[in-house]
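J.:
Numbering (this note's numbering), first residue to last: 101 to 726.
1) Taking residue 442 and residue 626 to be in contact with their CB atoms under 8 Å, please state how far apart those CB atoms are, rounded to whole angstroms.
2) Taking the alpha helix (DSSP H) that residue 257 belongs to, which residues open and close that run?
3) Pick helix, strand or coil for residue 410, following the three-state DSSP scheme.
4) When we look at the beta-carbon of residue 429 and count the other beta-carbons within 10 Å, is it buried (16 or more) or exposed?
5) Would you mind sorting residue 320 into buried or exposed? The rule is 16 or more other CB atoms within 10 Å of its CB.
6) Taking the alpha-carbon positions, what's the residue 717 to residue 425 distance?
7) Helix, strand or coil for residue 363? Go by DSSP, reduced to three states.
8) Residue 522 by DSSP, collapsed to three states: which one?
9) Checking 8 Å against the spacing of the C-beta atoms, do residue 506 and residue 600 come in under that value?
10) Tell me the residue span of the alpha helix (DSSP H) that contains residue 189.
11) Do you know how far the Cα of residue 179 is from the Cα of residue 637?
12) How many Å lie between residue 330 and residue 336 at the Cα?
13) For residue 753, which of 145, 128, 333 has the nearest alpha-carbon?
14) Whole angstroms are fine: how far does the CA of residue 210 sit from the CA of residue 204?
15) Please classify residue 595 as buried or exposed, where buried requires at least 16 other C-beta atoms within 10 Å of its C-beta.
16) Could you tell me whether the Cβ atoms of residue 357 and residue 275 are closer together than 8 Å?
17) Kindly confirm or deny that the segment 343–353 and the segment 148–155 touch, where touching means at least three C-beta pairs closer than 8 Å.
18) Just to confirm the assignment, what range does the alpha helix (DSSP H) spanning residue 400 have?
19) Among 499, 520, 532, which residue has its Cα nearest to the Cα of residue 558?
20) Which residues does DSSP list as the beta-bridge partners of residue 347?
21) Need the endpoints of the beta strand (DSSP E) that residue 574 sits in, please.
22) Quick check on residue 194: buried or exposed, where buried means 16 or more other Cβ atoms within 10 Å of its Cβ?
23) Can you name, in chain order, every residue of its own chain whose Cβ lies under 6 Å from the Cβ of residue 525, other than the five neighbours on each side?
24) For residue 607 and residue 466, which I take to be in contact (beta-carbon distance under 8 Å), what is that distance rounded to the nearest angstrom?
25) Would you decide whether residue 549 is buried or exposed? Buried here means 16 or more other CB atoms lie within 10 Å of its CB.
26) Quick one: what's residue 128 bridged to in DSSP?
27) Let's test the definition: count the other Cβ atoms within 10 Å of the Cβ of residue 170 and tell me whether it reaches 16, buried, or not, exposed.
28) Which value, in whole angstroms, describes the spacing of the CA atoms of residue 417 and residue 481?
29) Would you kindly check if the distance between the Cβ of residue 318 and the Cβ of residue 281 is under 8 Å?
30) Touch check for the segment 466–477 and the segment 397–406: three-plus C-beta pairs under 8 Å?
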C-alpha cells in the first residue's frame, strides 16, 4: 500500500517550515531479484525531478519514529525522523529524496531476516537500482546513516551497484568478527545482548521470525569462519567515493572499521574524518549535517563546492578535554615516529630502553589487573595513530584473556578520559586478545597493526611464557608537560558495561580463573609501539581549541546552521555551529573571505564577530539553498 501525503508546512529539524511541500509515499513495493517484495518509504520535494536519492536500510523498522523509540535523546528532530538516519524534514528542502526500506522479515517486507547475509546485501543492491530507475531521480543514489546503516554501506559498495554514487559510513564496522562480535577473539556478549534485546525484542518490528537469532548463533561460532566472512565487507573491492567518519571513543564496534575501510578501499575519492563525542551527537549537529551535505552535493549533484580540493584526512586531535582540528594527507601519518616503550615488571614502568634484568608481575583472573607507567613528558607529545603491544605472559591455566587500556594521567595524578559512545568517560585507547588466538597472518599483519587469524586456537602451556601481539585500536591524544601514559592489563572489562565480554560459555572459570604473569627483560622483551607525531612547521597550531564534545545547540528558527568567524588581535577562528573548523590567517579580510567560503560551501549563514563576541557582519549564504 502506498499513499501520497502533502507535507507542506511540516516542521524541519529546527522547527521551521520547508520551503516547498513534501511528498511522502509509503510502503512502495521493491521487488528483488528472487521475487521477494520489500517495502520502502520515499520522501521528496513534491513535483520536482532530477533528484538525487539518499537510501537507508536497517532492521530497526522504517515506521518506528525516533521519538517513540528514544523520546529523551535530546535532539531537535521532526516526527519523520527514525533512529540513526537522516531526517527528511532537514534534507528534502535541500533538494534530496530520502528512501527508507525495511529488509526481509521487518515491517511489511516479505521473507526472513538474516542481517548482513549475502542475500541481505543483494537486496540493498536491488533497492539502489530500483530507486535510480524512478522518473523523478537523477540516476544517482547515496548511502548515509550511523552504525548499522553505515555497516551495510561497506558491504553493498563492494558489489558496485552501477548507480551508487557515494557512501558516507558514519561510525560503521565492516569486519563482523574483529570489529563487532569478537574483539581479540573474545565474544562481545554484552553489546550483542543489549542490541538484540532493544532492537528486536522490545521493538515490535518483525514481520516474521528471524532466520538467524544472533544471541543463539554467535556463542556457537567462537572462530572466524565463512559465516562471518559472508557478513563482512570486501573492502578492497570498493571504488565508489566515500566519506568515512569515525570516532576515537567508538570502542567495541566502529572505530576500527572506519579506519580500516578508509585505508583498504580502492576508491580514488575517499576521505577520513576522525572526531570525538558521543555516538550520535556529532551526526546531528549543524557541523555534521553540513559535512554530509557538502560531500553528497558534490558526488550526487555535481556541485563544484571544494570537496575535491580538501585534504583526504581530517583529525580531531585531543588535548585533554579540548580538540584541535588538523588536516593530513594519509593514514597512518607518514611522518609518524614509531617509538617503543619497553615494559619492566620490576617496577611496573614503561622505559625508553629494554630492561637489563628479568622480572615478572602477576594478577589474578578474572578480577585482577596490572599497570605500567611511563615517565612524565617534559614537552607536549602527540600520539596519533594505531598502537601495538608485544607482551610475554604465562597463565596457570591453558588460556588468558587480555583487556588492554591506554590511559592518560594528568600531572596531578588524575586520569584524563576520552568520550565514550554514551558520552561517559572511557580510556584513550583499548585493545583485546585471547592468548590462544595469538596466531598471526603474516601477509595481513603490519608492524603497527597485527592481524590474527582467529581460526585455529593454540592453548597455552601452563606456566610457560608466551609472546602475544595485541592490536590496540587507533587513538589521538597530546600529553602536556607533566602528564604521562599508563598501560593497563586487565582480566575483565566489567567496568565498560554494557560493552563487555563475559559470556559464561566463552569465559568458563576452568579456562580463565587462575594467575596471569607478565614477564619482562632479556628473552622476554615486551614493548608498546607508539605513534609519536612530531610538530610539522607546515601545519602550525591555531592557538584555538574547541570543547571535545559538540554542544547540542539547535539553530534558531528558520536558520540552516551558521558559520561563526571571531576576529581578534592576530588570530581568527572559523567555527561551524555545533562543532568547529580552526584556521589562522594574517588579516581580517582573509579571515572573513575564508569564513564566507566555508559558509557558501555548507550553504549556511556566516556571522562575523568582534573579539568580545558581538556581531559585526552577517552574510546570508543560507539564502542560496534554493
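Beta carbons are placed, not taken as given, at the ideal position from N, Cα and C, and that holds for glycine.
T.: In brief:
1) 7 Å
2) 248–257
3) coil
4) exposed
5) exposed
6) 25 Å
7) helix
8) coil
9) no
10) 188–191
11) 49 Å
12) 15 Å
13) Outside the displayed span of the chain (101 to 726) sits residue 753, for which this structure offers no information.
14) 5 Å
15) exposed
16) yes
17) no
18) 386–401
19) 499
20) 375
21) 566–579
22) buried
23) 517
24) 7 Å
25) buried
26) 140
27) exposed
28) 12 Å
29) yes
30) no
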